[in-house]
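Student: So that we are looking at the same thing, I have put the structure below in structure tokens.
Numbering (the working numbering), first residue to last: 15 to 211.
Next up, the structure:
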């Protein structure tokens with residue numbers, strides 16, 4: 015699969031997650047796990063790191079959605095709030111799974127290549143997309159290396175000892191195949207189906 019095709023499939027899946035219920039979410043979980051089983055460990059790691067975000071999201075939605083109070087207790091969230099909070103938390107967990115699938119499929123270099131390939135049509139319109147791709151590459155590279163305490167102060171003061179980035183970057187893109195076109199069209203059709211239904 016072409017890296018740009020994988021990026022478009024990921025984007026369509028993340029957008030479609032917002033419009034579907036539990037049954038379609040379950041099918042997407044199966045598709046993710048079957049297509050790339052090795053990402054389950056990293057997916058669980060993403061969920062563990064997002065646990066406070068998930069808890070905050072759940073509490074906000076459970077307590078701020080109007081409806082009938084859970085077991086008629088005044089301090090409890092509403093039944094409707096609990097149902098909405100559960101669905102949104104599952105959606106966020108699935109979006110993290112889609113992200114794990116994208117990183118597992120492409121890696122850092124593949125993600126930069128995918129973005130480069132996906133933004134190529136915008137260069138025909140006169141937009142300079144190469145700077146965006148280079149900046150993303152630098153951000154992803156800096157995220158890989160642990161920073162020492164106080165390194166952000168050195169970066170802001172333009173200390174050259176901190177820069178240590180790449181002098182050049184080489185991107186390689188495979189040739190776009192007909193199967194990539196079919197995959198992208200299927201992903202867009204699934205997205206439109208999720209929105210309409």
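Even for Gly, the Cβ is constructed at its ideal location relative to N, Cα and C.
#1: Run through the DSSP bridge pairs and tell me what residue 92 is partnered with.
#2: Can you give the beta carbon distance from residue 127 to residue 50, rounded, assuming they're within the 8 Å contact cut?
#3: Would you say the beta carbon of residue 15 comes nearer than 6 Å to a heavy atom of the ligand NAD?
#4: Considering just the uninterrupted stretch of the alpha helix (DSSP H) at residue 192, what are its terminal residues?
#5: Taking residue 61 and residue 110 to be in contact with their CB atoms under 8 Å, please state how far apart those CB atoms are, rounded to whole angstroms.
#6: On the CB-based measure, 16 or more other CB atoms within 10 Å of its CB, does residue 167 come out buried or exposed?
#7: Is there contact here, the stretch 71-82 with the stretch 96-106, by at least three beta-carbon pairs under 8 Å?
#8: Taking 8 Å as the threshold, find out whether the stretch 19-31 comes into contact with the stretch 190-207 through three or more Cβ pairs.
#9: Using the Cβ count rule (16 or more neighbours within 10 Å means buried), how would you classify residue 141?
#10: For residue 223, I'd like the list of residues in its chain whose CB is within less than 7 Å of its CB, leaving aside the five on either flank, ordered along the chain.
#11: Is it the case that the Cβ atoms of residue 31 and residue 108 are separated by a distance below 7 Å?
#12: In terms of alpha-carbon separation, which member of 87, 85, 79 lies closest to residue 98?
#13: Looking only at its chain, what residues have a beta carbon closer than 7 Å to the beta carbon of residue 124, apart from the 5 residues adjacent to it on each side?
#14: Between the Cα of residue 211 and the Cα atoms of 45, 191, 33, 63, which residue gives the shortest distance?
#15: Along the chain, where does the alpha helix (DSSP H) that runs through residue 59 open and close?
#16: Can you give me the start and stop residues for the alpha helix (DSSP H) that residue 23 sits inside?
#17: Should residue 194 go down as buried or exposed, given a rule of 16 or more other Cβ atoms within 10 Å for buried?
#18: Can you have a look at residue 198 and say buried or exposed, based on whether 16 or more other CB atoms are within 10 angstroms of its CB?
#19: Would residue 119 and residue 20 be called neighbours here (beta carbons separated by less than 7 Å)?
#20: For the putative contact between residue 84 and residue 77, defined by C-beta atoms under 8 Å, what is the C-beta separation to the nearest angstrom?
#21: Can you say whether residue 35 is buried or exposed, counting buried as having 16 or more other CB atoms within 10 angstroms of its CB?
Tutor: Judging by the given coordinates:
#1: On the chain shown, position 78 is the one that residue 92 refers to. Answer is 83, bridged to residue 92.
#2: Your numbering for residue 127 matches position 113 in the chain shown. Your numbering for residue 50 matches position 36 in the chain shown. At roughly 18 Å, the Cβ-Cβ gap does not stay under 8 Å, so residue 127 and residue 50 are not in contact.
#3: Although the ligand NAD was asked about, the structure shown includes no ligands whatsoever.
#4: Along the chain shown, one-based indexing puts residue 192 at 178. Its alpha helix (DSSP H) spans residues 192-210.
#5: Numbered from 1 along the chain shown, position 47 holds the residue referred to as residue 61. Numbered from 1 along the chain shown, position 96 holds the residue referred to as residue 110. Contact annotation, residue 61 with residue 110: C-beta distance approximately 6 Å; criterion of less than 8 Å satisfied.
#6: Translated into the one-based positions of the chain shown, residue 167 becomes position 153. By the 10 Å Cβ count, residue 167 comes out exposed.
#7: Yes, the stretch 71-82 touches the stretch 96-106.
#8: Segments in contact, yes.
#9: In the chain shown, counting from the first residue as 1, residue 141 sits at position 127. With fewer than 16 other Cβ atoms inside 10 Å of its own Cβ, residue 141 counts as exposed.
#10: There is no way to answer for residue 223, as the model of the chain reaches only from 15 to 211.
#11: Sequence index remark: in the chain shown, residue 31 carries index 17 (1-based). Sequence index remark: in the chain shown, residue 108 carries index 94 (1-based). One thing to note: residue 31 has its Cβ within 7 Å of the Cβ of residue 108.
#12: Translated into positions along the chain shown, residue 98 becomes position 84. Minimum Cα-Cα distance from residue 98 among the listed residues 87, 85, 79 corresponds to 79.
#13: Walking along the chain shown from the start, residue 124 turns up at place 110. Result list for residue 124: 17, in chain order.
#14: Position 197 of the chain shown, counted from the first residue, corresponds to residue 211. For residue 211, the nearest C-alpha among the options comes from 33.
#15: Within the chain shown, the letter at position 45 stands for residue 59. It spans 54-63 - the alpha helix (DSSP H) in which residue 59 sits, taken as one unbroken run.
#16: The residue you call residue 23 lines up with position 9 of the chain shown. Unbroken alpha helix (DSSP H) run through residue 23: 17-31.
#17: Translated into the one-based positions of the chain shown, residue 194 becomes position 180. Classified as buried, residue 194 has 16 or more neighbouring CB atoms from the shown chains inside 10 Å of its CB.
#18: To locate residue 198, count along the chain shown from 1; it is residue 184. With 16 or more other Cβ atoms from the protein chains shown falling within 10 Å of its own Cβ, residue 198 counts as buried.
#19: As a working mapping, residue 119 is identified with position 105 in the chain shown. As a working mapping, residue 20 is identified with position 6 in the chain shown. Cβ distance < 7 Å, so residue 119 and residue 20 count as in contact.
#20: The residue you call residue 84 lines up with position 70 of the chain shown. The residue you call residue 77 lines up with position 63 of the chain shown. Contact doesn't hold; Cβ gap of about 10 Å is too wide.
#21: Within the chain shown, the letter at position 21 stands for residue 35. Under this definition residue 35 is an exposed residue.
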